[in-house]
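*Asks:*
There are 2 protein chains.
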Amino acid sequence: VSDNPGASPDAAVRSYIQAQREAFLADLIEWLKIASISADPDQAGEVERSAQWLAEQLGGAGFPIVEVWPTAGLPAVYAQWDSADPGAPTVLVYGHHDVQPVDPVDLWDSLPFEPSLRDTPHGQELVGRGAIDDKGQVWFHTLGLAAHLATTGRTTPAVNLKLLVEGEEESGSIHFPELLRANRERLRADVVVVSDTGVYDRDTISTTTGMRGLIECQLDVTGPRGDLHSGSFGGAVPNPATVLARLLATLHDDAGRVTLPGYYDKVVALGDRERELLAALPFDEGRWLADAQSTATYGEAGFSTLERVGARPTAEVNGIWGGYNGPGGKTIVPSHAHAKLSFRLVAAMEPADVRSQFEQWLAARHEDATIPPGITVTATFEKSGVRPCLTPLDHPALQAVTRALGRAFGTRVLYTREGGSGPEADLGEVLQAPVVFLGVGLPDDRIHAPNEKADVEFLLRGAESAAYLWSDLAATWPRGS
Amino acid sequence: VSDNPGASPDAAVRSYIQAQREAFLADLIEWLKIASISADPDQAGEVERSAQWLAEQLGGAGFPIVEVWPTAGLPAVYAQWDSADPGAPTVLVYGHHDVQPVDPVDLWDSLPFEPSLRDTPHGQELVGRGAIDDKGQVWFHTLGLAAHLATTGRTTPAVNLKLLVEGEEESGSIHFPELLRANRERLRADVVVVSDTGVYDRDTISTTTGMRGLIECQLDVTGPRGDLHSGSFGGAVPNPATVLARLLATLHDDAGRVTLPGYYDKVVALGDRERELLAALPFDEGRWLADAQSTATYGEAGFSTLERVGARPTAEVNGIWGGYNGPGGKTIVPSHAHAKLSFRLVAAMEPADVRSQFEQWLAARHEDATIPPGITVTATFEKSGVRPCLTPLDHPALQAVTRALGRAFGTRVLYTREGGSGPEADLGEVLQAPVVFLGVGLPDDRIHAPNEKADVEFLLRGAESAAYLWSDLAATWPRGS
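What follows is the structure in C-alpha cells.
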C-alpha cells in the first residue's frame, strides 16, 4: 500500500477543467432547478424531468447509449460508453438524481431550487438542494470524462464506462435491488465507483474502504394472554418486560461485544496498516460528541470510536415497548413486550448468518432460564438484510482511486469506513464487483438540511480525479483476470 | 392461635336472622335499584341518592348519629352508636355504597339495577350490581347489629360502633385519605372491621390478615439529546434502551429477589403457623394459572404462589417504552427510554424507604458502570405510596373475627393474604388501628363483571358473624389498653 503523498497533477487536465468551469456550473444549476424530491409523490413529475434532463445531457456529452430506466417507482438513468481498446476494464459509476425534501424552507437563505453561487473564504460554493447530494457529484463525471477524452486525444474512454443514476436513493432505494437484478448482465463491471460520499474534511482527503451491512429484527416476548393486575398476580407469574430486559441486557457482554455465538467469526480484522491510517485522521472526539449530542462515547473495548463506528459490527436496540406508558401508573403485569433490533455488519459477515446466530442465542436463553417457562419469544427478521462491503487497501481499484484523488488534490489520501449501509452494498453484491468511493463532499455541506451546498473547487477536483482514474485503471488493471 | 374448629352458634341469633331474611332482602333490593356508579359523572345524583337512602335506613335502625359526609367528590355516610358500657372498645366498620359500571349491559341475564333472586343448587342468590360489592356486605351489618341487640336484650351495642361507608371506592377512593384525615378524631377506633372482601371459597371460610402496600415510579433513561442514526453513531455511544434493559434485568437476582439494598430488612417474616395455614388452603395451581392466563408460575425462590402474591414484596415492570415502535424498522440509537415500575410492599415495609433504597440502588448502578457516562437516569415517584397492613394471627381483633366467622359458618377458619392494595391500608394508617376483614364474598360472585351476585346464605352468615363479633370483642378486648 503506497502512502501516496500526492503524485503530480496533469496540467492539461487541470487547465481543461478550469476552462470549463462556468459552463459546468451553468449546466449543473439548470439541473438543480428541477425539484426531484423522490419522497414527495407530488414531485414525481420533477423526478421524471430530472431523469430526462440528465439523459439528454449524457447523450450530448457523447455517450452512445443513454436510456431512462423505469422502475415500479421513479426512473433511473443508464448510460454506457465502451472503450475502443480491447480488454479495457469496465467501470460502473453510481450516483443518484433525486434529492431530499427541503423542509423547513424558511431556514434556507435562498430558495432551495434557485441555486446561488456564494463567495467564501475558501472560494466559491454553490447553494441549493442536490448541489452535493448527489447531482453535483454525478455531474462532475461528465466534466471528468470530457477532460479525460480531450487531454488524451481519445475518441472513446480508456475504460468501458457505465453510469447508473438512481431516482429513489433519498426515499429508500426501494426498487433498486430489483433494478440491479433485472439488468445484471448489462451492468456487469470490474469495478463499481460510487460518487455519493465525501472526504474526511477540507484538509484531509480520504476515500471510503467499506460500508457496514445491516439486518433488522423485531423481538416479541409474550407472557400471560392478557395484562394482569399486579396486586393479584405480581410476583408469581413471569413478567415479559423483565424477560425482554434480561435478553437485551445480555446481548452485549461487559466488554461491549455482541454475544451471538460466532458473531465475530467471519469479521475481517482491521490490519495494522488500516488502524494506523484510521488513527492518522484528525478525529476530534469533542466535535464528534457534539454531533452525536452525547456527553460520552461507549463501545467495544479495544477499539477507537472511528473503528467502532466503521470497522466493527454492532447490535443496537432501536426501540422498546410494552405495557403501560401513559400518565400516572397502572399496576399491571403486561401481557407482552417488544423490541426492534438492528445489527450493523462488517465484511465478511453474512446477514443470513446473524439470523441463525440469533436463533441459537435465543435457544441458549431458554436453556439458561433467561427465558423462563410461561414466556414465549419470537424474533422476526423483516428483510434479508444488506451485506457489508469492504475493499482491501491493497486492491488495485482502491489503489487507483487513491492515486487519482492524490493527484487531483495534491495530498496524501487517507481512508475512512462508512458506518451506514446503502444501495452501494447491493451493487457490490449483485454485480460481484469491488466497490470504491470517489466522493468529494465536505462534512459541512449540510446534506439533507437547509442550505445544502457544494464547494465548487471540490467538485472540480472530483472531475479531475475521475479524469485520472479512467486512465489509471486502464493502465494498471490486471488484464486477463 | 386457636385452630377454631367452629364453635357452636347461637340458636337465638340464627333464628332471629332467618326470621328477618325477607325484610333484609327487600330493603337490600331497594338499595340495589339505585345506580350509584361512582365512575360515571352522569350517575353522581344516584350516588347522592344512595347515600341518602342509607343514611335514612341507618337512622331508622337506631343509630343516634347519622351523617352524610360530603367530599370534593361523592359523599360518604357516617353513623355512630356508642355503647352504654363504659370502657367498651370502639369499632369502625368500613364499606362502600358506590358500585362498578355495568358494561357490557347485554351480557347481563337481568337488568343490573333490577335485582332478582334466583334459586341455585346452593340456595338463593341475589343478582344485581352491588349485591356483594359492596352494598350487600354493608347491609348485613344492619341485620347483624339488630340480631346482636335483640338477642342480648341490649339497647346499645356492646361496642362503640362506627360505620363509614364510602362513595368513591370504585373510582379510586380519590378523596378518601383526605376525608379520613379531616375526621380522624371522630373516626378514632380500637379496631377497623372491613367488610368488602370474601372467603377463599364456598367450602373454605377464611379471613384476610393483610394487604400489600404499593409505591410506583417512572424511570427515565436519557442518552443523546436526539435520536441518532445507528449507522453513523451505533456502537460508539451508549444506548439508553440497553441501559434501561440492564437496570431492569438487575432489579431482581437469580432467585427472584428484589435487589434494592435493605428491601427485605423490615419484612415481617411469615411464621411457620401462617405458612401452614396458607398451605392448608385448597389452592389449585391449574385454576390459578387459568385465571392468570399464564402457562407457568414464576417468582421468589422458597415461597409458594400464595405466599409470593400475598406475603412477599415484589417489583414489577408495568410498562416500557422508547425509540421506534412502528412498522418495519428504523435504525436509530434512541435518545431516551422509560419504564413504569411498581413495588408491592408487605408489613412492615415503608413506602418512603423504598424510595431511598431505589435511589441508593441507582447510585450503585452508576458505580458499577451499569449506567455508563453519557447516560442520565432519574426515578420519579409519583405518589407517597400506600402502606401495607397486616394483623398478626395472635392479635385479639383477628382472634375475635376468627371466632365469629367460625361460629357463624360452623367450620374452621383459615387465613389469606390480599396481594392488592386499597383504602383499607389508609384506614389502618390514619387511624393507627388494626384492620381485620369480615367479608363473605365468593370467588364466583362476578364482582366488577356482568351478573354480579351475592349468595343469600353467605350474606346472612355475614350478619350472624357481626352479631357474634360485637359481643366477642366487648368480652375479650383487653381493657385499659
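Protein sequences, first through last, are from chains A and B. Its first residue numbered 102, the first sequence is counted upward by one per residue in our numbering. Its first residue numbered 102, the second sequence is counted upward by one per residue in our numbering. For glycine and all other residues, C-beta sits at the position ideal for the given N, C-alpha and C. Bear in mind that the values here come from a model prediction, so they are computed numbers and not experimental data.
1. Whose Cβ in chain A lies nearer than 7 Å to the Cβ of B:Val338?
2. Determine, using beta carbons only, whether B:Tyr301 comes closer than 9 Å to chain A.
3. Under 7 Å Cβ-Cβ, which residues of chain B neighbour A:Arg326?
4. When DSSP labels each residue in this structure, what does B:Trp462 get in the three-state scheme?
5. Return helix, strand or coil for B:Trp154, following the three-state DSSP convention.
6. What does A:Trp422 reach in chain E if we use C-beta pairs closer than 8 Å?
7. Report yes or no: is there a C-beta of chain A within less than 9 Å of the C-beta of B:Phe587?
8. So that I know if they touch, is there some Cβ in chain A lying closer than 9 Å to that of B:Glu149?
9. Applying the 10 Å Cβ sphere with the 16-neighbour rule, what's the burial state of B:Ala534?
10. Can you pull out the residues from the stretch 522–547 of chain A whose beta carbon lies closer than 9 Å to at least one beta carbon of chain B?
11. Note down, in chain order, every chain B residue with its Cβ under 8 Å from the Cβ of A:Ser443.
12. Does the Cβ-Cβ distance between B:His198 and B:Ala162 come in under 9 Å?
13. Out of curiosity, what's the CA-to-CA distance linking A:Pro341 and B:Pro187?
14. Can you pull the chain A residues whose beta carbon is under 9 Å from the beta carbon of B:Ala342, in chain order?
15. Under 9 Å between the Cβ atoms of B:Ala501 and B:His242?
16. So the candidates are A:Arg466, A:Asp545 and A:Gly424; which of them puts its Cα closest to the Cα of B:Val418?
17. To the nearest angstrom, how far is it from the Cα of B:Ala465 to the Cα of A:Gln201?
18. Three-state secondary structure (DSSP) at A:Leu442?
19. Are the C-beta atoms of A:Val557 and some chain B residue less than 9 Å apart?
20. On a CA-only basis, which of A:Leu382, A:Leu159 and A:Gly372 is nearest A:Glu303? Give me that one, please.
21. Beta carbon of A:Leu262, beta carbon of A:Trp571: below 9 Å?
22. Let me confirm a value: A:His276 is counted as buried when at least 16 other C-beta atoms fall within 10 Å, else exposed. Which label applies?
23. Just confirm the distance between the C-beta atoms of B:Gly314 and B:Ser522, as a whole number of angstroms; I'd bet it's less than 8 Å.
24. Identify the residues that DSSP records as bridge partners of A:His353: which are they?
25. Are the C-beta atoms of A:Arg374 and some chain B residue less than 9 Å apart?
26. Pull up the distance between the alpha-carbon of A:Val102 and that of A:Thr308, whole angstroms please.
27. Contact between the stretch 163–180 of chain B and the stretch 203–213 of chain B: three or more CB pairs below 8 Å?
28. DSSP three-state label for B:Trp132, please.
29. A:Arg409 touches chain B at which residues, Cβ-Cβ below 8 Å?
30. Is A:Pro414 buried or exposed, if buried means 16 or more other CB atoms sit within 10 Å of its CB?
31. Could I get the ranges of all uninterrupted beta strand (DSSP E) runs contained in the stretch 246–333 of chain B, with 3 residues as the minimum, in chain order?
32. Rounded to whole angstroms, what is the Cα-Cα separation between A:Val192 and A:Ala127?
33. Is A:Asp454 closer than 9 Å to A:Gly363 when the C-beta atoms are compared?
34. Please classify B:Ser582 as buried or exposed, where buried requires at least 16 neighbouring CB atoms within 10 angstroms.
35. Go ahead and label B:Ala505 buried or exposed: buried means 16 or more other beta carbons lie within 10 angstroms of its beta carbon, across all protein chains shown.
36. Residues of chain A with CB under 7 Å from B:Thr406, in chain order?
*Replies:* Result, derived from the coordinates:
1. The sequence position of residue 338 of chain B within the second sequence is 237, counting from 1. Ordered by position in chain A, the residues that pass the 7 Å Cβ test against B:Val338 are Ala393, Ser395, Thr398 and Tyr399.
2. Working through the second sequence from its first residue, we reach residue 301 of chain B at position 200. Not closer than 9 Å to any Cβ of chain A, the Cβ of B:Tyr301 fails to qualify, so no.
3. Within the first sequence, the letter at position 225 stands for residue 326 of chain A. Residues of chain B passing the Cβ test: Gln394.
4. As a working mapping, residue 462 of chain B is identified with position 361 in the second sequence. Reduced to three states, the DSSP call for B:Trp462 is helix.
5. Within the second sequence, numbered from 1, the residue matching residue 154 of chain B stands at position 53. Note: B:Trp154 maps to helix in three-state DSSP.
6. Considering every chain present, this structure includes no chain E. Its protein chains are A and B.
7. No statement about residue 587 of chain B is possible, as the shown extent of chain B runs from 102 to 582 and does not include it.
8. Residue numbering aside, residue 149 of chain B sits at position 48 when the second sequence is read from its first letter. No, no contact with chain A.
9. Here residue 534 of chain B is taken as the residue at index 433 of the second sequence, counted from 1. The residue is buried, with at least 16 neighbouring Cβ atoms inside 10 Å.
10. Ser522 and Gly523
11. The residue you call residue 443 of chain A lines up with position 342 of the first sequence. Near A:Ser443 (Cβ distances below 8 Å), the residues of chain B are Ser331, Gly335, Gly430 and Thr432.
12. For the purposes of this step, residue 198 of chain B is identified with residue 97 of the second sequence, where counting begins at 1. For the purposes of this step, residue 162 of chain B is identified with residue 61 of the second sequence, where counting begins at 1. Cβ atoms of B:His198 and B:Ala162: not closer than 9 Å.
13. Position 240 of the first sequence, counted from the start, is the residue given in the question as residue 341 of chain A. Position 86 of the second sequence, counted from the start, is the residue given in the question as residue 187 of chain B. Approximately 58 Å, taken between the alpha carbons.
14. One-based indexing of the second sequence puts residue 342 of chain B at position 241. Result: Leu349, Glu417, Val418, Asn419, Gly420, Ile421 and Ala440.
15. For the purposes of this step, residue 501 of chain B is taken as the residue at position 400 of the second sequence. For the purposes of this step, residue 242 of chain B is taken as the residue at position 141 of the second sequence. No, Cβ-Cβ distance for B:Ala501 and B:His242 is not below 9 Å.
16. By one-based count along the second sequence, residue 418 of chain B stands at place 317. Checked all of A:Arg466, A:Asp545 and A:Gly424; the closest Cα to B:Val418 is A:Gly424.
17. Here residue 465 of chain B refers to the residue found at position 364 of the second sequence. Here residue 201 of chain A refers to the residue found at position 100 of the first sequence. Rounded to whole angstroms, B:Ala465 to A:Gln201 spans 46 Å at the Cα level.
18. Within the first sequence, residue 442 of chain A is the residue found at index 341, counting from 1. Strand at A:Leu442.
19. If you number the first sequence from 1, residue 557 of chain A lands on position 456. Closer than 9 Å: no.
20. Within the first sequence, the letter at position 202 stands for residue 303 of chain A. For clarity, residue 303 of chain A is Arg in the given sequence; the question names Glu instead. Among A:Leu382, A:Leu159 and A:Gly372, the Cα nearest to that of A:Arg303 belongs to A:Leu382.
21. On the first sequence, position 161 is the one that residue 262 of chain A refers to. On the first sequence, position 470 is the one that residue 571 of chain A refers to. Yes, the pair counts as a contact, with Cβ atoms nearer than the cut-off.
22. Within the first sequence, the letter at position 175 stands for residue 276 of chain A. Its Cβ being crowded by 16 or more others within 10 Å, A:His276 is buried.
23. Working through the second sequence from its first residue, we reach residue 314 of chain B at position 213. Working through the second sequence from its first residue, we reach residue 522 of chain B at position 421. 6 Å between Cβ atoms; contact.
24. Here residue 353 of chain A refers to the residue found at position 252 of the first sequence. Answer is A:Val359, bridged to A:His353.
25. Looking up residue 374 of chain A in the first sequence gives position 273. Chain B, which has no Cβ nearer than 9 Å to the Cβ of A:Arg374, makes this no.
26. Taking the first sequence and counting its residues from 1, one reaches residue 102 of chain A at position 1. Taking the first sequence and counting its residues from 1, one reaches residue 308 of chain A at position 207. Interpretation of A:Val102 is limited by its pLDDT of 39, a score under 50 that renders its predicted location unreliable; the figure taken from the coordinates is listed afterwards. Straight-line Cα distance between these residues: approximately 14 Å.
27. no
28. Position 31 of the second sequence, counting from 1, holds the residue named residue 132 of chain B. B:Trp132: helix per DSSP, three-state reduction.
29. Here the question's residue 409 of chain A lines up with position 308 in the first sequence. Simply Gly336 and Ala337.
30. Counting from one through the first sequence, the residue named residue 414 of chain A turns up at place 313. Counting Cβ neighbours within 10 Å, A:Pro414 comes out buried, since at least 16 surround it.
31. 261–267, 292–295, 307–312 and 314–323
32. In the first sequence, residue 192 of chain A corresponds to position 91, counting from 1. In the first sequence, residue 127 of chain A corresponds to position 26, counting from 1. Looking at the two C-alpha atoms, the distance is approximately 27 Å.
33. Along the first sequence, read from residue 1 onward, the residue named residue 363 of chain A stands at position 262. Along the first sequence, read from residue 1 onward, the residue named residue 454 of chain A stands at position 353. A contact, by the Cβ cut-off of 9 Å.
34. The sequence position of residue 582 of chain B within the second sequence is 481, counting from 1. With a pLDDT of 47 at B:Ser582, under the threshold of 50, the predicted position of this residue should be treated as unreliable, and no value is reported.
35. As a position in the second sequence, residue 505 of chain B is number 404, starting the count at 1. With 16 or more Cβ atoms within 10 Å of its Cβ, B:Ala505 is classed as buried.
36. The count along the second sequence starts at 1 and reaches residue 406 of chain B at position 305. Those are Ala337, listed as they occur along chain A.
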